[in-house]
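Here the sequence shown is numbered in this note's numbering, starting from 32 and rising by one per residue.
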Amino acid sequence: MPQEKPNDRPDFTEQIEASVARYESVRGELDHVLGAMKGKIRGLFKNSEVQPLFITGRVKSTESFRSKASRQLQQDADSSPVLEFPNPLRELHDMVGLRIIVMLPHEIQQVASIIKSHREAFDCRSDREKDIGSVESGTYGYSSRHLLLKTRNEPTVRKFQEALGKPVVASGNFIFEVQVRTILQHAWSEMEHDIRFKHPGTSVWNPQIDRLFTATAAMLETVEDYFTDIDELYHRLNGYQDRHSLGAQELSGALIGEVWQTLLPHVDRKRDDDWSWAAELLGAHGINRVWQFVQLLDPSGVTEVRAALDHRYSPGPDRLLDDLLLWHFGSAHIEKTSGSDLRRQGSLTRRLIQMSDYRMSKQNPQSGS
């Protein structure tokens, strides 16, 4: 069989270099497009509850443009290769790219929803998760939300298109890329890009690097889960203390259990226990709202009660709640909750004396033993 001569294969060098030269000549106009897009994106969050940590961007470098414009596709061994992007100045959608960096994973969805809801500013042509493949394959790796947005009659885009000249129509419509990541995803991907793509030489590569990147991605996902838990707990606690929100709820046995498990999860109790006994104790002192209960469970008060009574064993919720009420209400707690139970009355009285002695010792530290 006659061997294929090298000159039988198409040579795209001249076509590629012409596109690169044209790109280089108008790249300065894309800097203006980038600035306008950053301003518009920032404006979308002006009155939003979600506030990105920062918004950054870049215009594709000439070398990166050349690399992408040089990509070739070959359908099969018998067919001639063709350029993947024969008209790169019209077909590449990442010549301008923005990155929106947020704190927590759930904010990625919120940011994407806000952008897509402003149809008067942008037409969202694509929305995809870059980590879907790794999730479905059970692996860890690069994670990011990618949006392709199309401008509408943007003046800076028209100037760029006018600089390109015919056959490009100066419509002001232009597709650019927006990536939305958490700060941890951003740090991971930046380091991976620097090592894997900026320094791809095989002489410095080792499988251990792949292994460490995978392990780091897994750890970062775990850290983000913890950050999410912290954020959810913080907002729930704020809600409990808000007298016009969650804090205004009337206490029930189930709600008392929920608040207790949130504030004092280390004090053991089964989640399906009946907390009606607690509602009775609290009700005796007019504590019938969540915010009042949260104030009673203040950590400093719990610490003081533990120190005053010098518990030999960690008390359960029933004993600890009883002691907290005794600490705050003193003899009134004994009168309102003892009834005719002399044994309970005696126990509470002894504990109240211990509390009084503890308070005295704190006021006069030199008068102790």
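For each residue, glycine too, the CB sits at the ideal point set by N, CA and C.
Does DSSP classify His275 as helix, strand or coil?
To locate residue 275, count along the sequence shown from 1; it is residue 244. The answer is coil: DSSP assigns His275 none of H, G, I, E or B.
Which residues share a DSSP beta bridge with Thr87?
Translated into positions along the sequence shown, residue 87 becomes position 56. Looking at the DSSP assignment, Thr87 forms a beta bridge with Arg130.
Collapsed DSSP secondary structure at Gln105 in the structure displayed:
If you number the sequence shown from 1, residue 105 lands on position 74. Of the three classes helix, strand and coil, the one that applies to Gln105 here is coil, per DSSP.
Can you tell me where the beta strand (DSSP E) holding Gln210 begins and where it ends?
By 1-based counting over the sequence shown, the position of residue 210 is 179. Note, Gln210: beta strand (DSSP E), 206-213.
Taking a contact to mean a Cβ-Cβ separation below 9 Å, would you say Arg102 touches Glu115 in this structure?
Position 71 of the sequence shown, counting from 1, holds the residue named residue 102. Position 84 of the sequence shown, counting from 1, holds the residue named residue 115. Yes, they are a contact pair.
Please return the same chain residues whose Cβ sits closer than 6 Å to the Cβ of Gln272, not counting the five positions on each side in sequence.
The count along the sequence shown starts at 1 and reaches residue 272 at position 241. Answer for Gln272: Gly278, Trp322, Val325, listed in chain order.
Exposed or buried, what is Tyr344 when buried is set at 16 or more other beta-carbons lying within 10 Å of its beta-carbon?
Within the sequence shown, residue 344 is the residue found at index 313, counting from 1. Exposed: under 16 other Cβ atoms inside 10 Å.
At the level of alpha carbons, what is the spacing between Glu60 and Gly128?
As a first step, residue 60 must be located in the sequence shown, where it is residue number 29. As a first step, residue 128 must be located in the sequence shown, where it is residue number 97. Looking at the two C-alpha atoms, the distance is approximately 14 Å.
For the stretch 199-216 against the stretch 176-183, do three or more pairs of beta-carbon atoms, one drawn from each stretch, fall closer than 8 Å, so that the two count as touching?
yes
Taking buried to mean at least 16 other C-beta atoms within 10 Å of its own C-beta, is Tyr265 buried or exposed?
Taking the first residue of the sequence shown as 1, we reach residue 265 at position 234. Its Cβ having fewer than 16 others within 10 Å, Tyr265 is exposed.
Can you name, in chain order, every residue of its own chain whose Cβ lies under 6 Å from the Cβ of Tyr389, other than the five neighbours on each side?
Taking the first residue of the sequence shown as 1, we reach residue 389 at position 358. Ala339.
Quickly, what does DSSP pair Leu179 with across the bridge? List them, please.
Here residue 179 refers to the residue found at position 148 of the sequence shown. BP columns for Leu179 point to Ser157, Glu208.
Report yes if the C-beta distance between Met386 and Leu352 is below 9 Å; otherwise report no.
Taking the sequence shown and counting its residues from 1, the one referred to as residue 386 is at position 355. Taking the sequence shown and counting its residues from 1, the one referred to as residue 352 is at position 321. Taking 9 Å as the Cβ cut-off, Met386 and Leu352 do not qualify as a contacting pair.
Proximity below 9 Å, CB of Ser50 to CB of Ala108
Reading the sequence shown from its first residue, position 19 is the one you call residue 50. Reading the sequence shown from its first residue, position 77 is the one you call residue 108. No, they are not a contact pair.
9 Å Cβ cutoff met for Trp308 and Val298:
The residue given as residue 308 occupies position 277 in the sequence shown. The residue given as residue 298 occupies position 267 in the sequence shown. It is not a contact, given that the beta carbons lie outside the stated cut-off.
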